[in-house]
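Take a look at the structure below.
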Amino acid sequence: MKKMMMALACSAVSVVVADGPVQFVDCPKCDKRMRISENGREAFVNLSRIDPERKAEMAERAKRLLALGAPVSPANPKTPLMGWSSWNTFGVDISEEVILGIARAMATNGLKDAGYVYVNIDDGFFWGHGPDGRLRFHPERFPNGMKGTVDGIHALGLKAGTYSDAGADTCGSMWSGSGSGGKDTGGVGAGLYGHDAADCALHFNELGFDFIKVDYCGGKKLKLDERMRYTEIADAIKATGRSDVRFNICRWAFPGTWVADVAGSWRTTGDIRANWKSVRRIIAENLYLSAYASPGHFNDLDMLEVGQIEGAVKSVFGKHGDTGLTLDEETTHFGMWCIMSSPLLLGCDVRTMPPATKKLVTNPYLVRMNQDPLGLQAYVAVREGDAYVLVKDADERFGRSRYVALYNAGDSEHEFTVTAKSLDLGGKIAAFDLVERADVGEFEGNVAVKVRPHAAKFYRFDAERRIDRGAYEAETAYLTDYSEIGEGSAAPEGSGRKRARWTETAGASGGVAVTDLGGRASNDIVWKDVHVSEGGPYRLVFRCASPERRFFSMQVDGGAATPLVSEPSPGGFADVSTEVVLSAGTHSVRLSNADASMPDVDVMYLARKE
Ligand code: GLA
Numbered sequence: 148m149k150k151m152m153m154a155l156a157c158s159a160v161s162v163v164v165a166d167g168p169v170q171f172v173d174c175p176k177c178d179k180r181m182r183i184s185e186n187g188r189e190a191f192v193n194l195s196r197i198d199p200e201r202k203a204e205m206a207e208r209a210k211r212l213l214a215l216g217a218p219v220s221p222a223n224p225k226t227p228l229m230g231w232s233s234w235n236t237f238g239v240d241i242s243e244e245v246i247l248g249i250a251r252a253m254a255t256n257g258l259k260d261a262g263y264v265y266v267n268i269d270d271g272f273f274w275g276h277g278p279d280g281r282l283r284f285h286p287e288r289f290p291n292g293m294k295g296t297v298d299g300i301h302a303l304g305l306k307a308g309t310y311s312d313a314g315a316d317t318c319g320s321m322w323s324g325s326g327s328g329g330k331d332t333g334g335v336g337a338g339l340y341g342h343d344a345a346d347c348a349l350h351f352n353e354l355g356f357d358f359i360k361v362d363y364c365g366g367k368k369l370k371l372d373e374r375m376r377y378t379e380i381a382d383a384i385k386a387t388g389r390s391d392v393r394f395n396i397c398r399w400a401f402p403g404t405w406v407a408d409v410a411g412s413w414r415t416t417g418d419i420r421a422n423w424k425s426v427r428r429i430i431a432e433n434l435y436l437s438a439y440a441s442p443g444h445f446n447d448l449d450m451l452e453v454g455q456i457e458g459a460v461k462s463v464f465g466k467h468g469d470t471g472l473t474l475d476e477e478t479t480h481f482g483m484w485c486i487m488s489s490p491l492l493l494g495c496d497v498r499t500m501p502p503a504t505k506k507l508v509t510n511p512y513l514v515r516m517n518q519d520p521l522g523l524q525a526y527v528a529v530r531e532g533d534a535y536v537l538v539k540d541a542d543e544r545f546g547r548s549r550y551v552a553l554y555n556a557g558d559s560e561h562e563f564t565v566t567a568k569s570l571d572l573g574g575k576i577a578a579f580d581l582v583e584r585a586d587v588g589e590f591e592g593n594v595a596v597k598v599r600p601h602a603a604k605f606y607r608f609d610a611e612r613r614i615d616r617g618a619y620e621a622e623t624a625y626l627t628d629y630s631e632i633g634e635g636s637a638a639p640e641g642s643g644r645k646r647a648r649w650t651e652t653a654g655a656s657g658g659v660a661v662t663d664l665g666g667r668a669s670n671d672i673v674w675k676d677v678h679v680s681e682g683g684p685y686r687l688v689f690r691c692a693s694p695e696r697r698f699f700s701m702q703v704d705g706g707a708a709t710p711l712v713s714e715p716s717p718g719g720f721a722d723v724s725t726e727v728v729l730s731a732g733t734h735s736v737r738l739s740n741a742d743a744s745m746p747d748v749d750v751m752y753l754a755r756k757e
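For reference, each letter of the sequence shown is one residue, going 148 to 757 in this note's numbering.
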């Protein structure tokens, strides 16, 4: 039923007509076609920005967007973990009072409703293991043990997370993580090493924790093998019978593709600090890891530093680089964690969180981008110097909707010229600005957008058509042997060859190529999501570089090997072409050479043969 209403959205409104939650306003001064209210219950469509003929169409769009703002399903094991963790603000200076105070705030201030349900206790709650082998709790910080704290968290409808180390000692016992400085002796001998079964039974059966982060300072000290050790821990967690416990590996580098069989998320970098340099570095280290994320298995960009704003930082790490972020940097930080499908663990004191930060982190459109059921990490589609365009599908693989980030890592303003083609989209494209919760307009072909230094824009693009991807950059492919542990060193099999990796390379498209391929069957490159909408003959072109003639083979969907050869290409890349017949659908394309070095690979171009 239509009814006349007073305008709420904007001051220059003359007419308002409502159609359920969608209201039509006439606001010539407003520059958006549609805006969604902050409580997400109403959408205001600006009549002065749309063709009156398209009112019904816009009402439909407004309803679809409103529905997308509905709360995400909390603690979904297939999507990145959402919650809070104690480390970034408190270091080891935690207590029952702090943890329960935080949990109470989360349950009542809108964070829980937005999906932040894990309350994770990081380093500092223990006091070594006793002579009987039982983990002891810090006598001053948790004088009542942990049961009351965990039960208190659960009573609020939240989940509880714990922390340990793969070795004997925790990081806090080696490095200062305390406001008072000094090393935290309680972490000496508090790690899982030698206590897997008993500690897991304590954490998950007796106390009832739902998550564990396992660090590696102690593991490093004992020179343990990461894969073996973390697999043992995963097995010990399973042996408790708790299949719902979520496991995070904290090895500060991409540990290897084995990690997806063992954990739900894994840290890929050293520790974050609340400053732009740190945020920028972590993004840079994760830009080319998209192939390793999948539903329930995510690259962890580390706990968030949102809420630590320049001039108002509250953390025990003030002297260790926590100088704070500007508002633009905070938005970039949060939005990039969302589009790259990192776990979202707030790190600030949420009891006193700045209102602007709360609005940002509870923005249902950004959260939805992070929690998209496809579980994809956005990949870099275009790069111009320090400016990156990242993209990932929304809701449906190879559909007409995609999430897009325009990320300006540079120190001066950048004007992006975004082409629909580079995003595999065609026809008219409607752009919804996720941060503004507003539909900013439509474009066809390309659009220019200015982005301030250190800032980023995040959109959902809904296009008329999806077009097949033409350029598959090598740095978006899956490298089976990829690992950042001991990078550059010989592979574990002792073949004496390095592992394939993405490398900044002059002259490469996007500035990045994959080098050090070949020499082992597993040291290969696989594009796992080569999608064609029509079956038929296709031409594949690989841009390769090699100092001498090099041989390799191509397999589609694991089938027969097609031999290929790259000729010497001094100082640049040269094309190696082949043809295949593909059925409509999704395929894998793999390049390998089990015995000898392969050329460096920049990109694969795919085009239908006429
Ligand atoms: C390491 C981790 C951090 C934090 C501290 C605790 O540095 O990377 O995230 O857990 O240990 O000491």
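The beta carbon of each residue, even a glycine, is placed where N, CA and C say it ideally should be.
May I ask which residues mark the beginning and end of the beta strand (DSSP E) holding arginine 648? Boundaries of the beta strand (DSSP E) around arginine 648: 648-651.
For my contact list, alanine 647 and tyrosine 629 are in at a C-beta cut-off of 8 Å; report their separation, rounded to the angstrom. Yes, alanine 647 and tyrosine 629 are in contact; Cβ-Cβ is about 6 Å, under 8 Å.
Taking only heavy atoms of the ligand GLA into account, decide whether any of them is closer than 7 Å to the Cβ of glycine 324. It does: the Cβ of glycine 324 is within 7 Å (strictly closer) of some heavy atom of the ligand GLA.
Look at the Cβ atom of alanine 315, then the Cβ atom of tyrosine 340, and state whether they are nearer than 8 Å. In this structure, the beta-carbon distance from alanine 315 to tyrosine 340 falls below 8 Å.
For the putative contact between leucine 491 and methionine 229, defined by C-beta atoms under 8 Å, what is the C-beta separation to the nearest angstrom? That pair is a contact at about 5 Å.
Check the DSSP bridge columns for methionine 751 and list the partner residues they point to. In DSSP, methionine 751 forms a bridge with Tyr619, Phe689.
What span of residues does the beta strand (DSSP E) with phenylalanine 284 cover, start to end? First-last of the beta strand (DSSP E) with phenylalanine 284: 282-284.
Just verifying my parser: in three-state terms, what is the DSSP assignment at aspartate 663? Correct three-state label for aspartate 663: coil.
Pick from Ala754, Asp178, Ala741: whose alpha carbon is nearest that of glycine 666? Nearest Cα to glycine 666 within the set Ala754, Asp178, Ala741: Ala741.
In the DSSP assignment, what are the bridge partners of phenylalanine 699? The partner list for phenylalanine 699 (beta bridge, DSSP) reads Leu711.
Decide if alanine 431 is buried, meaning its Cβ has at least 16 other Cβ atoms within 10 Å, or exposed. Exposed, since its Cβ has fewer than 16 Cβ neighbours within 10 Å.
Quick check: the Cα distance between glutamate 204 and aspartate 671, rounded to an integer number of angstroms? So the alpha carbons of these two residues sit roughly 48 Å apart.
Please report the straight-line C-alpha distance between threonine 296 and lysine 225, rounded to a whole angstrom. When only Cα atoms are considered, threonine 296 and lysine 225 end up about 27 Å apart.
Using 8 Å as the cut-off, can you tell me whether the region 249-268 makes contact with the region 189-208, which would need three or more C-beta pairs spanning the two stretches below that distance? Proximity of the region 249-268 to the region 189-208 falls short of the contact definition, fewer than three beta-carbon pairs being nearer than 8 Å.
Look at the Cβ atom of serine 437, then the Cβ atom of tyrosine 526, and state whether they are nearer than 8 Å. Yes; because the gap between Cβ atoms is below 8 Å, this pair is in contact.
Taking the alpha helix (DSSP H) that leucine 247 falls in, what are its first and last residues? According to the DSSP assignment, leucine 247 belongs to the alpha helix (DSSP H) that extends over 243-255.
Compute the Euclidean distance between the alpha carbons of arginine 393 and alanine 348, then round it to the nearest angstrom. Roughly 15 Å separates the two Cα atoms.
Using beta-carbon positions only, say whether alanine 754 and glycine 617 come within less than 8 Å of one another. Yes.
Can you check which of these residues, Cys495, Gly338, Asp519, is closest to isoleucine 359 by C-alpha distance? Of the listed residues, the one whose Cα sits closest to isoleucine 359 is Gly338.
According to DSSP, is tyrosine 310 part of a helix, a strand, or is it coil? In the three-state reduction of the DSSP assignment, tyrosine 310 falls in the strand class.
For asparagine 446, which residues from the same chain have a beta carbon less than 8 Å from its beta carbon, with the 5 sequence-adjacent residues on both sides left out? In the same chain as asparagine 446, and ignoring 5 residues on each side of it, the C-beta atoms closer than 8 Å to its own belong to Phe401, Ser412, Trp413, Thr415, Asn433, Leu436, Tyr439, Ala440, Met487, Ser488, Ser489, Gln524, in chain order.
Given glutamate 373 as reference, the closest of Gly633, Val736, Pro694, Glu244 once Cα atoms are compared: Residue Gly633 is the option with its Cα nearest to glutamate 373.
With isoleucine 396 as the anchor, note down where its beta strand (DSSP E) starts and where it stops. From DSSP, the beta strand (DSSP E) with isoleucine 396 extends over 393-396.
Could you give the first and the last residue of the continuous beta strand (DSSP E) run that contains glutamate 611? 603-613 is the extent of the beta strand (DSSP E) around glutamate 611.
Aspartate 104 and tryptophan 234 closer than 8 Å at C-beta: As shown, the chain starts at 148 and ends at 757. That puts residue 104 outside it, with no answer to give.
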